[in-house]
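K.L.:
Mind looking over this structure? Questions follow.
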Amino acid sequence: MSDTHEGARRRDGAGRRLVASVGVGVAAGATAAAGLLVGRKATAAARVGQGHPLKHRVLDVAAGAMQPQHPIDAMSTFLNGFHMYADDMGRQVEASHFCIHLRHDLHQCVIFDRNASDARLIGIEYIVSRERFRELPEDEKRLWHSHHYEVKSGSLVAPGIPERAEHAYVSDLVTTYGKTFHSWQYDRDDFPYGVPQLMMGFTADGQADDTMIEQRDRRLGVSTSHKREYRADIPMPDVEPGANAWESGRSVQTRLDEVDFRR
1 MSDTHEGARR RDGAGRRLVA SVGVGVAAGA TAAAGLLVGR KATAAARVGQ
51 GHPLKHRVLD VAAGAMQPQH PIDAMSTFLN GFHMYADDMG RQVEASHFCI
101 HLRHDLHQCV IFDRNASDAR LIGIEYIVSR ERFRELPEDE KRLWHSHHYE
151 VKSGSLVAPG IPERAEHAYV SDLVTTYGKT FHSWQYDRDD FPYGVPQLMM
201 GFTADGQADD TMIEQRDRRL GVSTSHKREY RADIPMPDVE PGANAWESGR
251 SVQTRLDEVD FRR
């Protein structure tokens, strides 16, 4: 064999070893990442499962590692804001939203009391575009609130993402409308008693409790006042008629009624 062929064979062998080495490295990295993810899920499950029987905790960890959870995995955006009960501005709560942009005119969010593995699931929110809101029946519109003030005031935040990205996101949200029900009145009880309650958003300065906002800002490392200044360039939209029904002095709220059972 010529020196040229021998050199080519050596280079080819080295190349193959390099490719194999890279392949092993990628596989090892993927395995490590998967192990880290499983480890995080296991840690979270173990933390939440304190006090549960061991077999339940083992099943929780195994299910979290092995079962596909597509709707949960698709919840890509974390938003933090505040709600008030539709019939009582004095009852105000913090709400951590985890949302997916389901269609061009519809977001859907699950809401927790905070962003933690042992957080309490307190409600849901649907968010629609201005165009979709205009098409709703008049009675339906009474259940919805605008997001114009939440965005412009800086009180609605997306912690952890670059400020420019957050600005672009909330620039789209400023003209949207939300329908929110809380099924856990965690400001009163440490258990989900009662029927779901309709919630609303704030629409002007002086409504939300300043202490509540300040405590949220310190905990999440955000500044509502800074975000308000940074979002000054976002146009303030006109609010569509029918939204924020409570501003009229009358509101709607859910209640439990006894009715005849139909067979």
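Every letter in the sequence shown is one number past the one before it in the UniProt record's numbering, and letter 179, counting from 1, is 179.
Built from N, CA and C at the ideal position, the CB exists for glycine as well.
My understanding is that Q151 touches N80, with C-beta atoms under 8 Å, so please give their C-beta distance in whole angstroms.
P.N.:
Per the sequence presented here, residue 151 reads as Val, with Gln not at that position. Not really, about 13 Å apart at Cβ, beyond 8 Å.
K.L.:
Quickly, what does DSSP pair T175 with across the bridge? List them, please.
P.N.:
DSSP lists no partner for T175.
K.L.:
For the segment 169 to 232, list the alpha helix (DSSP H) runs that are entirely contained and at least 4 residues long, ordered along the chain.
P.N.:
Fully enclosed alpha helix (DSSP H) runs of 4 or longer: 210 to 220 and 224 to 230.
K.L.:
Just verifying my parser: in three-state terms, what is the DSSP assignment at H104?
P.N.:
Coil, per DSSP.
K.L.:
Write down the C-beta distance between T180 and H83 rounded to the nearest angstrom, noting that I regard them as a contact closer than 8 Å.
P.N.:
The pair is a contact, with the Cβ atoms about 6 Å apart (cut-off 8 Å).
K.L.:
Using DSSP with H/G/I as helix, E/B as strand and the rest coil, what is D125?
P.N.:
In the sequence as displayed, the identity of residue 125 is Glu instead of Asp. E125 falls in the strand class under three-state DSSP.
K.L.:
Do E240 and R130 have their C-beta atoms within less than 8 Å of each other?
P.N.:
Taking 8 Å as the Cβ cut-off, E240 and R130 qualify as a contacting pair.
K.L.:
What would DSSP say about H83, mapped onto helix, strand or coil?
P.N.:
Strand at H83.
K.L.:
Helix, strand or coil for F261, going by three-state DSSP, please let me know.
P.N.:
Residue state, collapsed to three classes: coil.
K.L.:
Looking at the strands, I want to know which residues DSSP matches up with A116.
P.N.:
Note: A116 sits in no beta bridge, so no partner.
K.L.:
Could you tell me the boundaries of the alpha helix (DSSP H) in which R130 lies?
P.N.:
Per DSSP, R130 belongs to the alpha helix (DSSP H) from R130 to R134.
K.L.:
Verify whether the separation of the beta carbon atoms of S155 and A208 is less than 8 Å.
P.N.:
Yes, Cβ-Cβ distance for S155 and A208 is below 8 Å.
K.L.:
Do you know how far the Cα of R134 is from the Cα of R114?
P.N.:
Cα to Cα, R114 sits roughly 32 Å from R134.
K.L.:
Over the uninterrupted alpha helix (DSSP H) stretch that includes P71, give me the two end residues.
P.N.:
Unbroken alpha helix (DSSP H) run through P71: H70 to D73.
K.L.:
Could you tell me how far apart the beta carbons of V252 and L198 are, in whole angstroms, since I believe they sit closer than 8 Å?
P.N.:
That pair is a contact at about 6 Å.
K.L.:
Output needed for E258: all residues of its chain with C-beta closer than 8 Å, excluding positions within five of it in sequence on either side, in chain order.
P.N.:
Here the set comprises nothing.
K.L.:
Looking only at its chain, what residues have a beta carbon closer than 6 Å to the beta carbon of D224, apart from the 5 residues adjacent to it on each side?
P.N.:
Looking at the sequence provided, one finds Thr at residue 224 rather than Asp. Around T224: G154, S155, I213 and D217.
K.L.:
In the structure shown, what three-state DSSP assignment does R142 receive?
P.N.:
Here R142 sits in coil by DSSP.
K.L.:
How is A243 classed by DSSP in three states: helix, strand or coil?
P.N.:
Here A243 sits in coil by DSSP.
K.L.:
Quick one: using the 10 Å Cβ neighbour count with 16 as the cut-off for buried, is H104 buried or exposed?
P.N.:
That one is exposed.
K.L.:
Give the DSSP-derived three-state secondary structure of S248 in the structure shown.
P.N.:
Looking at S248 - three-state DSSP - the assignment turns out to be helix.
K.L.:
So is G201 buried or exposed if we call it buried at 16+ other beta carbons inside 10 Å?
P.N.:
Per the 10 Å Cβ criterion, buried.
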